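One structure is given here, and the rest of the page talks about it.
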Amino acid sequence: MILPIVAYGHPALRKVSEEIDQDYPEFKKFMEDLWETMYETDGVGLAAPQVNRNIRVFVIDADVFKEKYPEAEGVRKAFINPEMIERSDDEVFHNEGCLSIPAIHEDIERPSKIRINYLDEDWNEHEEEFEGIMARIIQHEYDHLEGKVFVDHLPGIRKMMLRSKLNDIAKAKIDPPYRMIFAPNKKIKL
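In the working numbering, the protein residues as written are 457 to 646.
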């Protein structure tokens, strides 16, 4: 089932998500829905808070980037209860977008390399290092679990320049190409 995407301004995007265990209700079905929703909305990653579930889960499939970034080929992973262990000091800019913030793309500075601990869909534990585009996608999705969105990384002046567009999203004054859930309280803090 394709789940509606939570739009910028919705409180679910600002909550720190909770860890889950293997007894999480209908976990397998939720994961199937999360994957299906990501693919149907043309995302390369999708975090549970983006579908109105504040649990520490996200999925990524970076294969679309394989031509430009060979390290992305065949990378399709679920991250359950991830914990960021290390981030490199060197940071690089790259253009990012987000299903929860349609039609806005900005250059965001992030560490080029990360180390992360997580569980997969079979509840096996992994500790891996990622760099380049993979590190970027993972950090973007991980931010959602921490109650952050990519525009939070923008300098204040740039974010102010986007205020009108962000308000339009928060107030449902957009026509997204997929179903979205908008904030019940239209007054938001940017």
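Think of the CB as a built atom: it goes at the ideal place given N, C-alpha and C, for glycine as much as any other residue. Predicted, not measured: the structure shown is a model, and the values here were computed from it.
DSSP lists V515 as the bridge partner or partners of L502. The residues V500, A528, in chain order, have a CB closer than 8 Å to that of V520 in the same chain once the five nearest residues on each side in sequence are set aside. The Cβ neighbour count for R509, taken over all protein chains shown within 10 Å, is at least 16; the residue is labelled buried.
In the DSSP assignment, H582 is bridged to Y574.
In the displayed model, V520 falls within a helix according to three-state DSSP. In chain order, F549, N551 place their CB closer than 6 Å to the CB of D563, counting only its own chain and leaving out the 5 sequence neighbours on each side. Annotation for D599: no beta strand (DSSP E) segment contains it, though the alpha helix (DSSP H) segment containing it runs 588-601. In this structure, V515 sits away from I557, with a CB-CB distance that is not shorter than 8 Å. By the C-beta criterion, the region 618-629 is judged not to be in contact with the region 526-546, since fewer than 3 inter-stretch pairs fall below 8 Å.
When rounded, the separation of the alpha-carbon atoms in Y598 and A503 is 8 Å. The criterion of a C-beta distance shorter than 8 Å is not satisfied by F586 and G465. For the pair M494 and D545, the Cα-to-Cα distance works out to about 31 Å.
For A626, there is no enclosing beta strand (DSSP E); the residue is found in the alpha helix (DSSP H) stretching over 619-626.
In the DSSP assignment, D563 falls within the unbroken beta strand (DSSP E) covering 557-567. Note on geometry: alpha-carbon atoms of K524 and I589 lie some 10 Å from one another. For F549, the uninterrupted beta strand (DSSP E) segment begins and ends at 547-554.
Separation of L469 and R512 (C-alpha to C-alpha, rounded to the nearest whole angstrom) is 12 Å. In the assembly as shown, M457 is an exposed residue. Its beta-carbon has fewer than 16 other beta-carbons within 10 Å.
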